[in-house]
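Just so we're aligned: the sequence shown equals residues 14 to 81 in this note's numbering.
Don't be surprised by glycine CBs; every beta carbon is placed ideally from N, CA and C.
I have placed the structure first, in the form of structure tokens, so that the comments after it can refer back to it.
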Amino acid sequence: MASGALRWSRGGREVEIAAQTATRSLDLANRINAPRCVTMIRDPEPALSPHAHIAGVDELLERLRATG
């Protein structure tokens, strides 16, 4: 997921789906010890921050911060 490829202005539902997908991807990347994948998941974090009020986004942001 490259941040340049993502467009967050379309609406809350799409951001929610993106956050859910990224959370599942983060779980898998951590489980298989894939740090490059974690980095790719972390890339859109700045674009997601303004959407922390949308379901799933705040949890994803917290988990990304916890993975360091």
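Can you grab the Cα-Cα spacing for the pair residue i / residue j, in whole Å?
i   : j   : result
E29 : P59 : 15 Å
Q33 : D71 : 11 Å
R55 : I45 : 16 Å
V51 : R26 : 23 Å
A65 : R49 : 24 Å
I believe residue i touches residue j by the beta-carbon criterion, under 8 Å. Please report the beta-carbon distance rounded to the nearest angstrom.
i   : j   : result
R76 : T36 : 7 Å
L74 : L61 : 6 Å
With DSSP as the reference, label residue i as helix, strand or coil.
i   : result
N46 : coil
T80 : coil
P57 : coil
L73 : helix
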